[in-house]
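Notes for the one structure printed next.
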Amino acid sequence: MFQDQRKSPRKVYRTKAMLAMDGQPPVGGKTTDVGANGVSVSLADPLAVGQGGQLSFDLLVEGSFVTINTRVKVSYCIFSSGEFKVGFQFLQPDLAAVTALARFMR
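Quick note on our numbering: the sequence shown kicks off at -9 and runs consecutively.
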């Protein structure tokens, strides 16, 4: 049985995301949910757990868009409904990103 291993609550949030995994060209995806410590993104191709990269997406916080651009690490990758659902853990996001994520999660 699958057990949710997330360290913080998530909110459903769908927007375009740009992902550049280490040593690979950027690819587009779509976020499905966001939390203070990570995000789930739908992608066309699978990624390996533990793989690192740079992720960027716009987060709507209190009526304004804030760009979240941070290092991430793949936590899980599952195939579902014709696409890959990839969970990313944020790695040392900057203060602006942490603040925006905290405000979004309220």
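Glycine included, each C-beta is placed from N, C-alpha and C at the ideal position. No experiment lies behind these values; they were computed from the predicted model shown.
Item                                                                                                                                                                                 : Value
Within its chain, find whatever has a CB closer than 6 Å to the CB of L91; leave out the 5 residues flanking it on each side and keep chain order.                                   : A26
Let me know if P16 comes out buried or exposed under the rule of 16 or more other beta-carbons within 10 Å of its beta-carbon.                                                       : exposed
Considering only residues of the same chain and omitting the five flanking positions on each side of V56, which have a CB-CB separation below 6 Å?                                   : L49 and A90
On the CB-based measure, 16 or more other CB atoms within 10 Å of its CB, does A7 come out buried or exposed?                                                                        : buried
Among the candidates G13, G72 and Y3, whose CA atom is the shortest distance from the CA of F47?                                                                                     : Y3
In this structure, how does DSSP classify T22 when only helix, strand and coil are distinguished?                                                                                    : strand
Give every residue of the same chain whose Cβ lies closer than 6 Å to the Cβ of L33, excluding the five residues on either side of it in the sequence, and list them in chain order. : G19, F74 and V76
Leaving aside the five residues before and after V97 along the sequence, list all residues of the same chain whose C-beta is less than 6 Å from its C-beta, in chain order.          : In this structure the chain extends from -9 to 96, so residue 97 is not present and cannot be described.
Just verifying my parser: in three-state terms, what is the DSSP assignment at R4?                                                                                                   : coil
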